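Protein chains in written order, with this note's numbering: chain U, 1 to 430; chain C, 1001 to 1430.
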């Protein structure tokens, strides 16, 4: 049974704070093991990758080859059913056209003092995309990470994916092929992250590493951060559904379970002003759970982390939504647009009952890599901007320097950075 | 003597790679001490801050008070000379008007399938600004961090600054007051970062922490990352000057030293196609060094990390610039604009001989918080975007869901996420 909270009860503030602070993931400390793996890859390069893959993935890369060949990528794409290929192509086209709108504009202008100011956006030169192996190998994630990098204009996109027992899901390779990723290595774990950051004989280093992974991968990304850029470290995923009394209990139940089936640490929350709907949803969830293949995962998530919060009216739910800062927010209500406009902190908002979150996972066009675990308070979903960076530009002529110089010299003096001041005054002769 | 490299010499590629890889900072491992401090602040709140400040800053905050009062801020602003106040106000106005142009636009559109897609930018609710104490307490850094947060619309900006022996530089408090920062606490180090991330009885937690600091502060920021957002962790600073034979050796020498005086780990590099200029600059640096108050720091930096690289022509320097990915790039050359346009990786470019980097440190209007230590390959200087985040928005009606649904159901099926598929098919009855 999920927790049920009612805002009008006197202990609500306390219980809500406890609920917000509850941990959903045991943090595993693999820092030292990961540091050892990274040092090994830096010291021995390909040999370390081969040895570590033999140990962790039971695969002989000396024989199979580190790199996945173009022929293998082509074969993977050819091997999947046409309707799957079409669905992936459909998703890719929609992601591409939406992300194309995110390309930032350069700026350059001359101000009243005659100073030219501006900035120029350029893509990162080389990006590494980590793709998990096994059951968490999702072709949709390949598209969500690779397509924005392509749109940003990244010249070199490298994918690493572990091959446990020599196997990589053909769907993942097919998605890479569709997304135009040609440089793929069958290596995973902290060793793959180390190879991307520092390079080996076979793998040239990249400048930024993105993509989800297990505790080892996450720890490795943190450790190489600085040497290369990384995306956010993803936590367990969550959905919050805000619904009025006219919403469909069955649709809501289906969406809560779509979240819950991801992971036992996933979280599904319903906030509603209708006790009746709350009861109906709880019943509907129980009914649907039974027939789900991933019943064990979904029921554990719903039991341990699920929540139903009752509010007097939906407007009063907004501050709670902002405190939860959910990765995904669905709004099933007559005034869904108006409610959505009031929310400040959410990774993505799915407006209206005909927008199940699963559409955003696959084919909506928006990115499904979104800030988890309340981090929507300070971060955004993956976008083209994550694969670009901005160079600021400043240009003065003698006249502009005359106008700006004295204040700069003054501030350099009070900061006791004399050489700063001199670098200005030597030009203005003051 | 700085290192001198000549691209045409046969061992150049090797020597340049060694130069790029050379470490400029001893990395101090303070992880465990910082973890202990953070745990203490989480457990004991204000009491921990008081005890730790007594130990590290020799100050009794129980007596002096954690919070800097409005009266103290006003008094600090009143205490500084009018011309300094005016220079700070001038800098603030220029930073503000330039950063106002960085405010991102929301987007919303309906595509051919009838899907409404878009995104909305909102500010972070609360930002903590770390300001170092002692000699590194720069009022210009207060402006460079606080003003973009103000422009972003951050409702709550908190500043923390250590008060060694009870003292805080009046200039720093004056800059805070000018920038409209009213919530200031006299606490520093890892304990201040912990207080900002987790809160204490007196300090409410924030959502993001920015600003430079020593090894303890940097380690603390890394450790609280995830609980809150952080900006990049700054390394030692560098300038690269690209100059043709007509450039002024004196101006270049002044700019190289303005960088070198920051820190013994700072780096100043000249790339030129003129052996004559190279010799003149080296001589000019020696001449100016003698009269600099910070001669010890500047000469150590120039001796240990300085470099002069000779190229056959400036166009062939561009790939070297991109590999160095300097924080600051100055271009003193007839075709400065054309050269600037070719550079892909630099934090900021100062175009033409009348644009000394020090102008960008204070009054140019662009931000002086820039990516160091080659991180311009994958990151950008501080901007308004660092204080905002993007919520993506998706809205389908029944017709749009009919069009997108089948592909989503197909992809959910191949990813074996049945509840995902059902959440779509339950609405489309397929």
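Heads up, the beta-carbon is just placed ideally off N, CA and C, and yes, glycines get one too. These figures come from a predicted structure and were not determined experimentally.
Here the stretch 1019–1039 of chain C makes no contact with the stretch 1290–1299 of chain C; the two share fewer than three CB pairs at distances below 8 Å. Only buried fits residue 365/U, as 16 or more other CB atoms lie within 10 angstroms of its CB.
Taking C-alpha positions only, residue 1071/C is separated from residue 1361/C by approximately 29 Å. Within the stretch 1237–1256 of chain C, 1250, 1251, 1254 and 1255 place their CB atoms closer than 7 Å to a CB of chain U, listed in sequence order.
DSSP places residue 240/U in the strand class (E or B) of the three-state scheme. In the structure shown, residue 1025/C adopts coil according to DSSP, grouped into three states. For residue 130/U, the pairing in a beta bridge is given by DSSP as 160/U. For residue 383/U, a Cβ of chain C is located within less than 8 Å of the residue's own Cβ. Within its own chain, the residues whose Cβ lies closer than 7 Å to the Cβ of residue 232/U, once the five positions on either side in sequence are excluded, are 371, 375 and 379, listed in chain order. With the criterion set as a beta carbon lying under 8 Å from some beta carbon of chain C, the members of the stretch 359–386 of chain U are 359, 360, 361, 362, 363, 364, 365, 366, 367, 370, 371, 373, 375, 376, 377, 378, 379, 380, 381, 383 and 385, in sequence order. Comparing C-alpha distances from residue 337/U to each of 315/U, 358/U and 319/U shows the shortest one belongs to 315/U. In the DSSP assignment, residue 1229/C is bridged to 1208/C. In this chain, the alpha helix (DSSP H) harbouring residue 144/U covers 139–152.
Three or more Cβ pairs closer than 8 Å define a contact, and the stretch 210–226 of chain U meets that threshold against the stretch 26–34 of chain U. Ranked by Cα distance from residue 1412/C, the first of 48/U, 84/U and 4/U is 84/U. In the structure shown, the three-state DSSP call for residue 349/U is strand. The contact set of residue 98/U on chain C, defined by CB atoms closer than 7 Å, consists of 1117 in chain order.
In the three-state reduction of the DSSP assignment, residue 1201/C falls in the coil class, being assigned neither a helical nor a strand state. For residue 391/U, the enclosing beta strand (DSSP E) begins and ends at 388–395. Under the Cβ distance rule, residue 404/U counts among the residues neighbouring chain C, one pair being separated by less than 8 Å.
Closest by C-alpha distance to residue 1043/C, out of 1191/C, 1392/C and 1014/C, is 1191/C. Counting along the chain, residue 51/U sits inside the alpha helix (DSSP H) bounded by residues 46–57. Taking the beta carbon of residue 90/U as reference, the chain C residues within 7 Å of it are 1407, listed in sequence order.
Apart from the 5 residues on each side of it in sequence, residue 249/U sits with its Cβ closer than 8 Å to the Cβ of 277, 280, 281, 283 and 284 in its chain, given in chain order.
Excluding its 5 nearest sequence neighbours in each direction, residue 234/U has C-beta neighbours in its own chain below 6 Å: 212 and 372, listed in chain order. Residues 1108, 1116, 1117, 1118, 1119 and 1120 of the same chain have their beta carbon placed closer than 8 Å to that of residue 1393/C, with the five preceding and five following residues left out of the count.
In summary, no residue of the stretch 1305–1326 of chain C has a CB separated from any CB of chain U by less than 7 Å. Sequence-distant partners of residue 1377/C (beyond 5 residues in either direction) whose C-beta falls short of 6 Å from its own C-beta, in its chain, are 1325 and 1345.
No Cβ of chain C is located within less than 8 Å of the beta carbon of residue 282/U. Not one beta carbon of chain C lies nearer than 8 Å to the beta carbon of residue 38/U. When secondary structure is reduced to three states using DSSP, residue 1061/C falls in the helix class. According to the DSSP assignment, residue 428/U belongs to the alpha helix (DSSP H) that extends over 418–428.
Taken in chain order, the members of the stretch 1075–1086 of chain C whose beta-carbon sits within less than 9 Å of a beta-carbon on chain U are 1080, 1081, 1083, 1084 and 1086.
Residue environment analysis places residue 1092/C among the buried positions, since at least 16 neighbouring C-beta atoms fall within 10 angstroms of its C-beta. The alpha-carbon separation between residue 404/U and residue 113/U amounts to approximately 8 Å. Of all residues in the stretch 1265–1281 of chain C, none places a beta-carbon less than 7 Å from a beta-carbon of chain U.
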